[in-house]
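Taking it in order: structure first as structure tokens, then the write-up.
Numbering (our numbering), first residue to last: 280 to 388.
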């Protein structure tokens with residue numbers, strides 16, 4: 280693991296909050312981890328946006344669309360297809376986060 284020995288592999292706020300509930304992390308540490316994760320995601324997305332600025336312009340004609348045939352929003356986040364129910368999306372995230380946490384907690388012991 281790359282970040283495991285340094286920070287405990289806090290990949291996203293769900294990991295930090297889960298470790299807080301397991302009392303493996305102090306509340307103030309959890310707060311700083313979450314702030315760092317959000318700032319890291321924001322600046323990472325900003326870096327990608329400016330790094331590929333000319334390619335975005337070539338692809339969408341300098342008119343930004345979130346979704347659709349020339350949408351570039353799904354580079355930065357996932358967009359569900361039309362007709363997918365909200366409960367499906369919710370349980371998808373719950374199960375995915377649970378599996379992630381099972382592996383992180385198992386590796387941490």
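C-beta atoms are modelled at their ideal positions from N, C-alpha and C, and glycine is treated no differently. All values derive from a computational prediction rather than experimental measurement.
Closest by C-alpha distance to residue i, when choosing among the options
i           : options          : result
residue 357 : 366, 346 and 305 : 346
Beta-carbon proximity list for residue i, same chain, < 6 angstroms, skipping 5 on both sides
i           : result
residue 289 : 295 and 312
residue 344 : 350
residue 309 : 295 and 299
Per-residue burial, residue i [other beta carbons within 10 Å of its own, 16 or more giving buried]
i           : result
residue 278 : No statement about residue 278 is possible, as the shown extent of the chain runs from 280 to 388 and does not include it.
residue 307 : exposed
residue 341 : exposed
residue 304 : buried
residue 225 : Since the first residue of the chain shown is 280 and the last is 388, residue 225 is not available in this structure.
residue 314 : exposed
residue 280 : In this predicted model, residue 280 has a pLDDT of only 47, less than 50, meaning its place in the structure is not dependable enough to derive any value.
The stretch 321-335 contacting the stretch 346-355, beta-carbon criterion three pairs below 8 angstroms:
yes
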